[in-house]
Amino acid sequence: MSFDQAQAEAAALRDHVSAANTAYHTEDAPQMSDADYDAAKRRLMQIEAQFPELARADSPTQKIGAAPAEGFGKIRHEQRMMSLGNAFADEDVADFIRGIRKYLGLSDGDLPMTAEPKIDGLSLSLRYENGVLIYAATRGDGEVGENVTENARTISDIPTRLTNAPDILEVRGEVYMSHSDFADLNAAQEARGDKRFANPRNAAAGSLRQLDAKVTQARPLRFFAYAWGVVSQPLAETQSGAIARLAELGFQTNPLTKRCTTVAELIAHYHDIEHQRADLGYDIDGVVYKVDDLAFQRRLGFRSTTPRWAIAHKFPAELAWTRLDAIEIQVGRTGALSPVARLVPVTVGGVVVSNATLHNEDYIAGRNSNGEDIRGGRDIRVGDWVQIYRAGDVIPKIADVDVSRRPDDAQPFVFPTHCDQCGSEAIREEGDAVRRCSGGLICPAQAVEKLSHFVSRGAFDIDGLGAKQVESFYEDGWIKEPADIFTLRDRFGPGQLRQLKNREGWGDKSAEKLFDAIDSARKVPLAKLIFALGLRHVGEVASSDLARHFGTWDVLIEAVDRARPAELRHTQAEAAVLRERQAAQSAGRSAKIKPTRDHIWAQDPKVALPARAAWDDLVSIDGIGAVVAVSLVGSFAQEAERASIDRLVAQLDIQAAEKPKTDTAIAGKTIVFTGSLEKMTRAEAKARAEELGAKVAGSVSKKTDILVAGPGAGSKATKAADLGIEVIDEDAWIALAGAQ
Ligand code: IVH
Numbered sequence: 012m013s014f015d016q017a018q019a020e021a022a023a024l025r026d027h028v029s030a031a032n033t034a035y036h037t038e039d040a041p042q043m044s045d046a047d048y049d050a051a052k053r054r055l056m057q058i059e060a061q062f063p064e065l066a067r068a069d070s071p072t073q074k075i076g077a078a079p080a081e082g083f084g085k086i087r088h089e090q091r092m093m094s095l096g097n098a099f100a101d102e103d104v105a106d107f108i109r110g111i112r113k114y115l116g117l118s119d120g121d122l123p124m125t126a127e128p129k130i131d132g133l134s135l136s137l138r139y140e141n142g143v144l145i146y147a148a149t150r151g152d153g154e155v156g157e158n159v160t161e162n163a164r165t166i167s168d169i170p171t172r173l174t175n176a177p178d179i180l181e182v183r184g185e186v187y188m189s190h191s192d193f194a195d196l197n198a199a200q201e202a203r204g205d206k207r208f209a210n211p212r213n214a215a216a217g218s219l220r221q222l223d224a225k226v227t228q229a230r231p232l233r234f235f236a237y238a239w240g241v242v243s244q245p246l247a248e249t250q251s252g253a254i255a256r257l258a259e260l261g262f263q264t265n266p267l268t269k270r271c272t273t274v275a276e277l278i279a280h281y282h283d284i285e286h287q288r289a290d291l292g293y294d295i296d297g298v299v300y301k302v303d304d305l306a307f308q309r310r311l312g313f314r315s316t317t318p319r320w321a322i323a324h325k326f327p328a329e330l331a332w333t334r335l336d337a338i339e340i341q342v343g344r345t346g347a348l349s350p351v352a353r354l355v356p357v358t359v360g361g362v363v364v365s366n367a368t369l370h371n372e373d374y375i376a377g378r379n380s381n382g383e384d385i386r387g388g389r390d391i392r393v394g395d396w397v398q399i400y401r402a403g404d405v406i407p408k409i410a411d412v413d414v415s416r417r418p419d420d421a422q423p424f425v426f427p428t429h430c431d432q433c434g435s436e437a438i439r440e441e442g443d444a445v446r447r448c449s450g451g452l453i454c455p456a457q458a459v460e461k462l463s464h465f466v467s468r469g470a471f472d473i474d475g476l477g478a479k480q481v482e483s484f485y486e487d488g489w490i491k492e493p494a495d496i497f498t499l500r501d502r503f504g505p506g507q508l509r510q511l512k513n514r515e516g517w518g519d520k521s522a523e524k525l526f527d528a529i530d531s532a533r534k535v536p537l538a539k540l541i542f543a544l545g546l547r548h549v550g551e552v553a554s555s556d557l558a559r560h561f562g563t564w565d566v567l568i569e570a571v572d573r574a575r576p577a578e579l580r581h582t583q584a585e586a587a588v589l590r591e592r593q594a595a596q597s598a599g600r601s602a603k604i605k606p607t608r609d610h611i612w613a614q615d616p617k618v619a620l621p622a623r624a625a626w627d628d629l630v631s632i633d634g635i636g637a638v639v640a641v642s643l644v645g646s647f648a649q650e651a652e653r654a655s656i657d658r659l660v661a662q663l664d665i666q667a668a669e670k671p672k673t674d675t676a677i678a679g680k681t682i683v684f685t686g687s688l689e690k691m692t693r694a695e696a697k698a699r700a701e702e703l704g705a706k707v708a709g710s711v712s713k714k715t716d717i718l719v720a721g722p723g724a725g726s727k728a729t730k731a732a733d734l735g736i737e738v739i740d741e742d743a744w745i746a747l748a749g750a751q
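Numbered per my numbering, the sequence shown finishes at 751, counting up by one with no gaps.
Have a look at this one:
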């Protein structure tokens, strides 16, 4: 058979088999016998095997094959999948718009935005190359998602081929399930004796993440396109234009998307959508606002995990009343004693809630962190009727308490002063709302929480070693700290393996698999390691900011250690802030006093200057403030904790973070901006410089490479001239930064 013959026959077979698929699966009206279908598909497979160039990703031979043996493959998003910042009040929206204007240096006047429903489903990225769907990936941690291509192909809203699309196009949007499909699915689940889904989002997620695509196919999923990732040619010049283009390409886009030009218009559309919410037939949890002009979007860029050009205006939380059965105290990985409300189960917005957070002892007593009354000063007692609310994914909270229904014998809650896990005193430092167990590493609750966090998703995420397993390894004395995980294989003799096998249902194979998974986890990106340490205030965002800034573990540690004396000074400053707060409170003034640099540097002037420079360096990192810095420096300075971290690091092969760019004209240079900039704002200039691998400093020193001086530049320009530093004007800066 010639290539041309094969090509023609393959095309005919593809159409034939695809039509049969649609008739069978979508229309429920089979066109041909199973035997004919199988024969046609086999013939197509033969041709594709003989002429691999004809084996296209959209061929029906690629559909629904056997389920992957083990979970889903991973796909690294070429462009990160972002989440959104939240606005709850109208004022937050106004702030957001003000912030954008400031960043872009726009004066008053229209700022076109789009407003559209925030679909409550799960996000999906679809990559098309030359018009053919190549893969579909879930968001995952934003950088790496799960390959759900086979499942996505079964969703009728997702075209497998596009005409007139850019050569490379990543379409992003939300997979969701309609209310009626959800009700039908749950009825069917119930009839089969299977578990009901809590809400349409869970049902959609559970359906998309099925190892067997046939199951997904039987579930009625839908898809709205609202964004894009990599594109080889721009879709349009505006957000609204790009969405219109996606609609032209055959995607479903939300009909309630509207272009607005003022904050008032955005809010009006928000209320309009809110009024239609109950009749939409699918769940939404807010309205997303996006800057319409894509050139502005590009200038605004991204923070670590959210765009600066979009925000989600959430709907108010849903409410329900129930009885508080008990208050339990949980000890977290940083020793915080967190009170949790155990509730008589109640449905709030379609989800059954039986626990809610009570935050801290003041909250239970009816006070906020400034000592002011909340809930009219009403405390919360076991036996009370409480009003529960939940908004989106957040842990349910208690909005109010009905004292008229309070049982006569209900007693005020007495917050424990000792940790019930290790007996250590639980201390509440002045100015801190939280009481913390002082047991540190000797407290089993803290150790187990730290370990669970260490192996959690987003941290080391080791296959076969979840929270349950680390807890039982901890109880057996096998793993006391993260470093122990990595010496497990060496310490496990055949005798212990038998023990393990008997008790936990492990076999030789599963133990071997676990050890292999542990070994491959040794190679860890710097950001993941920092996050996995579970230091107070150092979450995923701060961890990746730190990793990007310092690049390697050694550089990070060295910088943090150098900043240590300054941290001591910071502690003194905190005490000073506290004194001011108390003075303000007793004088009846607002006690909302935040620590500033002045508080810090007003302290002991003897603190060595290098420490100050190191401290300044740390807190000048975009996203890292004094709170994170104090936690970082303080944790690394604690001997036991540091020794434990050092033991861990000795077991690992830490991957340097993606280096800031080195191939640009300003890479590695330290730039200071002074005077006013007219073509871009300071924040934008800083972000642009950092993007190009430069460091932006606040003051001129010998280390400064370039001073960008706008009109009104003062002493910095003089100092730069004295030091012989290159001084350029804004146009030269734009040429330097824009030419890359
Ligand atoms: S835009 C870079 N638009 O909300 C901006 N997201 O809370 C990407 N979502 O991860 C997101 N409806 O899964 C956008 N109309 C909409 C959305 C939407 C739902 C989801 C999305 C995102 C999450 C953030």
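Virtual Cβ for every residue (Gly too), placed ideally from N, Cα, C.
Taken from the Cβ of I130, at least one heavy atom of the ligand IVH lies inside 7 Å. Between the beta-carbon of L718 and that of A748 there is about 14 Å, and that puts the pair past the 8 Å contact cut. In the DSSP assignment, the residues bridged to W239 are V182. Burial check for T428: the Cβ neighbour count within 10 Å stays below 16, so the residue is exposed. The three-state reading of DSSP puts M92 in coil, since its state is none of H, G, I, E or B.
In the three-state reduction of the DSSP assignment, D390 falls in the coil class. If you draw a 10 Å sphere on the C-beta of K713, you find fewer than 16 other C-beta atoms in it, and that means exposed.
If you draw a straight line from the Cα of Q228 to the Cα of R203, it comes to about 18 Å.
CA-CA distance, A667 to I568, rounds to 13 Å.
In this structure, the C-beta of R447 stays at least 7 Å away from each heavy atom of the ligand IVH. Looking at P327, L137, F307, the one whose alpha-carbon comes closest to that of R319 is F307. Per DSSP, S449 lies in no alpha helix (DSSP H) segment and is marked neither H nor E. In this structure, E127 has its beta carbon less than 7 Å from a heavy atom of the ligand IVH.
When the alpha-carbon of A194 is set against those of G184, A176, N213, the nearest one is in N213. In this structure F14 is exposed. Its beta-carbon is surrounded by fewer than 16 other beta-carbon atoms within 10 angstroms. With 16 or more other Cβ atoms inside 10 Å of its own Cβ, K539 counts as buried. Looking at the DSSP output, N97 bridges to A323. Taking every protein chain shown into account, the CB of M12 has fewer than 16 other CB atoms within 10 angstroms, so this residue is exposed. Distance from the CA atom of V364 to the CA atom of I399, rounded to whole angstroms, is 9 Å. Excluding sequence positions up to five before and after V459, its CB lies within less than 6 Å of the CB of E482, Y485, all in the same chain and listed in chain order. No Cβ-Cβ contact shorter than 8 Å links R392 with G377. D411 is bridged by DSSP to Q398. The straight-line gap separating the alpha-carbon atoms of E339 and V412 is approximately 18 Å. In this structure, E181 sits away from G261, with a CB-CB distance that is not shorter than 8 Å. G545 and K461 have their C-alpha atoms some 6 Å from each other. With a threshold of 16 other beta carbon atoms within 10 Å, K680 meets it and is buried. In the three-state DSSP reduction, Q18 falls in the helix class (H, G or I).
Residue pairing by DSSP places I682 opposite V707, I717 in a beta bridge. As DSSP reads the structure, N175 sits in no beta bridge. Taking 3 residues as the shortest admissible run, the region 226-304 contains the following complete beta strand (DSSP E) segments, listed from N- to C-terminal end: 233-242, 269-271, 295-302. Minimum Cα-Cα distance from F503 among the listed residues R314, E492, E523 corresponds to E523. Here N210 carries a coil assignment [DSSP, helix/strand/coil]. For K479, the enclosing alpha helix (DSSP H) begins and ends at 478-486. Counting only residues of its own chain and dropping the five nearest sequence neighbours on each side, E737 has a CB closer than 6 Å to the CB of I717. For Q341, the secondary structure class from DSSP, reduced to helix, strand or coil, is strand.
Closest option to R288, judged by alpha-carbon separation, among L267, A558, T317: L267.
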